[in-house]
Amino acid sequence: MYISFQFGNKFLIVFFSLLSVINLIFITLLCIDLFGRETEKMKVIVIEIDNKNIKVLKPNGKARRIRILKQEINSYQINQEIELIITKRTKQILSINRSTDYSGSDSFRFFGN
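Residue numbers (numbering that gives the first Met the number 0): 0 to 112.
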């Protein structure tokens with residue numbers, strides 16, 4: 000598709016301005032969600048353990064991969080119930096709390112994507 004050079008410049012300015020506004024709104028929502036105190040607790044079950052990932056089963060039946068520190072991978076076992084503290088809007092993981100049925104400390108901080 001060929002766009003004349005004059006029209007192309009105006010189109011690009013409007014297009015990138017619109018993208019910038021959308022990104023600014025998205026970043027603002029993420030910051031509000033991360034630094035706000037509104038969290039939810041979700042109980043999940045560990046179904047698979049990889050190198051540095053664990054795969055958990057959420058209450059709705061869907062699976063989710065969680066990246067954790069390699070040193071903490073041995074702290075989890077298959078079929079172990081853990082509790083995720085997540086942000087309310089974007090569902091980002093803030094911390095992982097282990098069930099009291101297992102020995103060791105009861106909370107691990109999440110360091111990963």
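No residue lacks a Cβ here, since even glycine has one placed at the ideal position from N, Cα and C. On a predicted model such as this, the values are computed, not experimentally measured, just so you know.
{"Query": "Rounded C-alpha distance that separates Ile46 from Leu23", "Result": "37 Å"}
{"Query": "Environment of Ile95 [buried if 16+ CB atoms lie within 10 Å]", "Result": "buried"}
{"Query": "Span separating the alpha-carbon of Leu33 from that of Val13", "Result": "30 Å"}
{"Query": "Cut-off 7 Å between Cβ atoms - residues of its own chain near Arg108, not counting five sequence neighbours on either side", "Result": "At Arg108 the pLDDT is 46, less than 50, meaning the model places this residue with poor confidence and gives no usable figure here."}
{"Query": "Cβ neighbour criterion (16 or more within 10 Å) applied to Thr86", "Result": "buried"}
{"Query": "Residue range of the beta strand (DSSP E) that includes Ile81", "Result": "Glu80 to Thr86"}
{"Query": "Residue of Gln70, Lys51, Gly60 and Ser16 minimising C-alpha distance to Lys42", "Result": "Gly60"}
{"Query": "Pairwise C-alpha distance: Glu71 and Ser102", "Result": "Confidence is the limiting factor: at Ser102 the pLDDT is only 43, short of 50, which leaves the residue's position unreliable and the question unanswerable from this model."}
{"Query": "Assumed close pair Lys51, Ile77 - CB separation to whole angstroms, cut-off 8 Å", "Result": "Lys51 to Ile77, Cβ: 16 Å. No contact."}
{"Query": "Distance, Asn73 Cα to Ile166 Cα", "Result": "Outside the modelled stretch of the chain, which goes from 0 to 112, sits residue 166, for which no answer is possible."}
{"Query": "Contact check, Leu56 vs Ile44, beta carbons under 8 Å", "Result": "yes"}
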